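Notes follow once the structure below has been shown.
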Amino acid sequence: MKRMRITLLELQKILRSPVIVLMLLVFVGFNLFTILSNAYMKDELKILNQIVQEYGLSFNDESLKELKRAIEQGVSSIDHQAETINDFFNQLTFENYTNYSLDDQKTIDNLSLRYLYYNQASALEERYEELDIEVIGDGVIEKFNISGIAEELILNDYEKLAMRFDEIVEEQEYKTWFFAGNPYRMHSQLFRELMSIIAIEGVILVVLISAFIACYERDNRTSFVTYSTKTGRRLMLKKWYASLLGTLIVCGFLFIVTLAIYFTTFDYSGLWESFVSSGINWEYKFPYVTWYDFTFIEYLGMAILIITTTLLLISTLTFGVSVFIQNSYMATVFCYLLLVAMFVIPSLFTFSSLLLLLGQFNPTLLILNPHMYFNGLAGLAGSQYHEIITLTVWMVISMFLLTISLKRFMRKDLV
Amino acid sequence: MKLFWMELKKIFTWPVILLVVILNLLLYILLIEFELEYFPNGRPAKDVFQVEMEMIDRYGEVIDEDEFADFIGTYDERVKDANEFLQTDELAIKAGVDSYEEFRNTDIDDMAAEEMHSHIMFELEEDLFWELQARESIIERYESRVTGLEFLIRYQSNSKQEKERIREMLQNRKFQYYSELVLRNFENYSSQVVVIILLSIAIVLSPIYIRDKVRDIVPLQYTSKKGRGIFHLKWRAGLTSIGILLAIHLLIYGGLYLTNDTAHYFFMHVYSMSNNPVWYDITFGEFILLTIVAIIMLGYVFGILTIACSALVGNYLTQISTQILLFCAFAFVMIPVGVQRIIETMYLPWVVPTIYISLILFVCLTDRFVKKRELVKDI
Amino acid sequence: MLIIKNISKRYGDFEALKEINMSLENGIYGILAPNGAGKTTLIKMLATLINPTEGEITYNGKNIFQLDDDYRDILGYLPQQFGYYKHYTPRQYLTYLAALKGISKKIAEARTDEVLEMVALSEVKNKKMRKFSGGMIQRVGIAQALLNDPKILILDEPTAGLDPKERARFRQILSSLSRNRIILISTHIVSDVETIANEIIMIKNKHLLYKQDVLSICQTLEGKVFETVIDFKDLANFSERYFILGERQDKGKTMIRFVANEENSDWKPITPQLEDIFLYKYANESTSG
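Chains as they are written, first to last, in the numbering used here: chain C, 1 to 415; chain B, 1001 to 1379; chain F, 2001 to 2289.
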């Protein structure tokens, strides 16, 4: 605690500023709004939890048969004439539907949702058989016009991914229940929308906090007093710790509050252990083919970890730049633009396959695509160690930058 | 005057100019390039655009029954061309398709037909078939021009006023004859430009007062001969800078917009090229001018609020944070309502004018408040 | 003992200090020099804020830049422009600086109160500094320099903004502290140090001019300072030949005080004061600021 004293005091200087608190509140308000604007489907989603409770988290031919039988029973209890479920739903016009009693309508809603899951689940085997991972890989190479070393790297990746895909099929990993990717797209909603919003909000705050902690003495013209104390210029190091700590606090707040709202709105209770690679979670053109058999809760944890680590890294990068520039305003604007540049510039590398591929390994793209973490079918960003490589490389870059700029600061004449 | 120039120079420092240039380059690639390079975006949009340009030359804004018959005549001729093409095309023969009618109705499951279809449409890039698609969409729109508006009255209108407006349009035969791709492109383009302008203003003007506060030279200035006049001088320099930034951006991005070659549409009414009904019978050219006026107003409102904020707060941290929140408010509310859909009947007719009037009032009040506060403030 | 050995400082082509040598023992030293003479450069070097281009500074035989925090641990420093956090109270600010100075939390609180008492700020110790006058801020600055009971106390223009009463009090504080530490006061106001400094250091044109006690410095002009009364119209003529230290108008006559290398029976020789030496030696330099 004694060692933390100065670090905490440094952090306090920034966090006692009411605008930081105001921004946090506005951001959480925005997140709440985002979540609630999708909340209309939360009741429909609950059906899946019932299914999981009744038939278990993973499904097979046996349990699907049972599910089908139950739906049939339900259908015939409502309409004695209907021979098959299909017949029943085919003849169910809007007018027919409104003629039923309210209770019956509820049952019909329930049955039709169950039927949706049944249909999707029973079609999976065939849909997965039709997927040829290596052909998809060729498609990526063709689409981005990749050649040379980059092509070899990608082909190699897809070869490995094909093995992993076979494993998913063999181990029946894809046969676990999850919210139907089509139409609900809950994976995208949580990871693509909400998590990347949190990440952007985090970036806005983290850059501000880090730049202003780094330039605080300069801004207040207190450098001469503070850097001539016993702590001296090592204070800058403590300030770095303070901005890391500030990053964690901001991240923690945004994640905890937002996710608490999210998970109280949407009931995931039966699905924590479901696989992200579940075929039911098939949203767009391809299913999620994750490199590792992450359950939903593991994946969520990894996403939080990756975003937090990236923000720590961005904090370090900003801190390094700010120590160098020693002008909080310029440093902040510069760092924001730098992060935007990381988003824009890789798309300009169409002239070189290798650069195009390497350009994918950058922190901005990483935090903006949490729904694609560990997904082999993530276009150019699908290699097995994409996340870990990006983080490691940028950790090295930002630490290198920080070391240089701290070293320079330690020797610099303060005038 | 000399002091005024000095204040202007202090606003446009080299590092600030550099940051604004970088911002513009990045956001050009991110937001603008697409609207310029991919206009009209894809097919048959490209072909619709071509056909429409021809139509405007031949028929003008309003297409009467005779002109429509002429258009159908052209279409039939093109269909004949298509038939001829199909009768000589190898793949078409193989698939047993020898007329455009059959070509349109090919079954997706028929492998040979599918191969022929994608070969002609995508590999040959034969314009004829795309053009036919484009003409069909125009014919369809023409034929449903009355029922379309009737449908809007019945199912889509939100307010009494909107219903009335659409009825009036029906009565006076203010129909949509052309697709809205030019209009939508312009609306998207102009709102992206606003984003860039607002961010540039924020970067340039945020430091205007804080710069001196941080260096603590304010007491020095206030006791000098010019006294607190410096505050007003800066204020005027700030207003001038907003003007400069607006002028430069509007010139550059306005000039770039002209490369989209939409001049044909300038003298047509907006309602004749918009899926969504609009309140006023203005031409597309007038709409462009209105948008420019709106951008200038928004620029000034945002800019003055930026300057006022800079005068009120004591440090950059507060300034940047407020700027971010202010920008978000503009990006999520003001740009969609006040620029993109400025004349659409989606909002009641008084909504947009009220927003602008209250913004201007608010800015005037802010101006008064800040200047008054500055006069009595202890240094 | 603080020894300055052959110190030079250059910024590119600009030379701020050249070959300064001196040693300082316990006691009060007044650095007298007009602005721009290099005294702030020297002081910032002693505060380890800037590095010498040549030479070294040692404390008890060890280079202060190598001693690093051990050196700064015994250093108290008030910079010329004392910055503070506007929204902090003196107490919060000093508690913060106490942490930076490595003073343990327990001691810090008592010590903060003690130094605030010394500079007579106890009553406002919980008020935000935003509203403080220049003199009050300066006293906070003096208080923070004393926080760690420094063995070396360096004060750059400490009396700026202080009223005469506060100045007197300040001199009193310094005298009481001077017994077992090195106190270095930079100023261009002679009266600040004249009575309390054991030795005066004068820097001119980047070089060390004097480092002597007040008496010996004054002796350098012994017998050369005179006083006389002349007609106002003769003043111009007179000032061409002699260096005027001061003048006073009185009933159409002008009483002047000046330096001369000759003697005249009309002139009354007087004992040179430190102020006289200061004016005489820096005759060609601006003393403003």
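Beta carbons are placed, not taken as given, at the ideal position from N, Cα and C, and that holds for glycine.
Just so we're clear, the structure is a prediction, and the values are computed from it rather than from any experiment.
Subject >> Chain-order list of residues whose beta-carbon lies under 6 Å from that of I1343/B (same chain, five-residue window excluded) >> reply: V1278, W1279, Y1280
**OP:** Verify the CB distance criterion: does S352/C have a CB-CB separation below 8 Å to chain F?
**Re:** no
Subject >> chain E contact for T222/C (CB, 8 Å cutoff) >> reply: In the structure shown, chain E cannot be found, because the protein chains are C, B and F.
Subject >> Whole-number beta carbon distance between T176/C and S278/C, since they are thought to touch under 8 Å >> reply: 5 Å
Original post:
Does any CB atom of chain B fall closer than 8 Å to the CB of F334/C?
Top reply: Chain B places a beta carbon closer than 8 Å to that of F334/C, counting this residue as a contact.
Subject >> Within-8 Å CB hit, Y496/C to chain F >> reply: In this structure chain C extends from 1 to 415, so residue 496/C is not present and cannot be described.
**OP:** Taking only the alpha-carbon atoms, compute the straight-line gap between D103/C and S76/C and give it to the nearest angstrom.
**Re:** 15 Å
Original post:
When DSSP labels each residue in this structure, what does T7/C get in the three-state scheme?
Top reply: helix
**OP:** Check distances from the C-beta atoms of the stretch 1129-1156 of chain B to those of chain C and list, in chain order, the residues that come in under 7 Å.
**Re:** none
**OP:** Counting only runs of 4+ residues fully inside the stretch 2032-2076 of chain F, write out the alpha helix (DSSP H) ranges in chain order.
**Re:** Here the runs fully enclosed are 2039-2046, 2064-2067, 2069-2073.
Original post:
So, is the C-beta of G246/C closer than 8 Å to a C-beta in chain F?
Top reply: no
Original post:
Residue range of the alpha helix (DSSP H) that Y262/C falls in?
Top reply: 235-265
Original post:
Between S398/C and F1012/B, what straight-line distance do the alpha-carbon atoms span, to the nearest angstrom?
Top reply: 31 Å
Original post:
V2225/F lies in the alpha helix (DSSP H); which residues open and close that run?
Top reply: Element bounds for V2225/F: not the alpha helix (DSSP H) but the beta strand (DSSP E), 2225-2231.
Original post:
If contact means a Cβ-Cβ distance below 8 Å, which residues of the stretch 1283-1296 of chain B contact chain C?
Top reply: Those residues of the stretch 1283-1296 of chain B placed with their C-beta closer than 8 Å to a C-beta in chain C do not exist.
**OP:** Report the neighbours of N1315/B on chain C: residues whose CB is nearer than 7 Å to its CB, in chain order.
**Re:** D219
**OP:** Helix, strand or coil for P2150/F, going by three-state DSSP, please let me know.
**Re:** coil
Subject >> Proximity test, Cβ basis, 8 Å: V415/C and chain B >> reply: no
Original post:
With distances taken between CB atoms, is the gap from A1237/B to L1030/B smaller than 8 Å?
Top reply: no
Original post:
Roughly how many angstroms separate the alpha carbons of S2288/F and K2204/F, rounded to a whole number?
Top reply: Only weak support exists for where S2288/F lies, its pLDDT of 36 falling under 50; the coordinates are left without a value.
Subject >> Residue(s) in a DSSP beta bridge with Q2249/F >> reply: T2254/F
Original post:
In chain C, which residues lie less than 9 Å from F2082/F when you measure between Cβ atoms?
Top reply: R221, T222, F224, V225
Subject >> K1174/B burial status per 10 Å Cβ neighbour count (16 or more: buried) >> reply: buried
Subject >> Own chain partners of Y292/C with C-beta closer than 8 Å, once the 5 adjacent residues on each side are dropped >> reply: F374
Subject >> 4 or more residues per run - each alpha helix (DSSP H) lying fully within the stretch 329-409 of chain C >> reply: 353-358, 363-368
Original post:
On the premise that F178/C lies in contact with I280/C, defined as a C-beta separation below 8 Å, what is that separation, rounded to the nearest angstrom?
Top reply: 5 Å
Subject >> Neighbourhood of V28/C by C-beta, 6 Å cutoff - its chain only, sequence neighbours within 5 removed >> reply: V257
Original post:
If I2154/F and L2046/F are in contact, beta carbons under 8 Å, what's the gap, nearest whole angstrom?
Top reply: 6 Å
Original post:
Which first and last residues belong to the beta strand (DSSP E) in which T2187/F is found?
Top reply: 2182-2187
Original post:
Leaving out five residues before and five after I168/C in sequence, what residues of the same chain have Cβ atoms less than 7 Å from its Cβ?
Top reply: Y174, S277, V289
Original post:
Do I1196/B and L1027/B have their C-beta atoms within less than 8 Å of each other?
Top reply: yes
Subject >> M1334/B - containing beta strand (DSSP E), residue span >> reply: No beta strand (DSSP E) contains M1334/B, which DSSP labels as neither H nor E.
Original post:
Under a CB-based cut-off of 8 Å, is V1048/B close to chain C?
Top reply: no
Subject >> Any chain F beta carbon closer than 8 Å to R3/C >> reply: no
Original post:
Would E283/C be called buried (16 or more neighbouring beta carbons within 10 Å of its own) or exposed?
Top reply: buried
**OP:** Report the residue from S315/C, S58/C, T226/C whose alpha carbon sits nearest the alpha carbon of E217/C.
**Re:** T226/C
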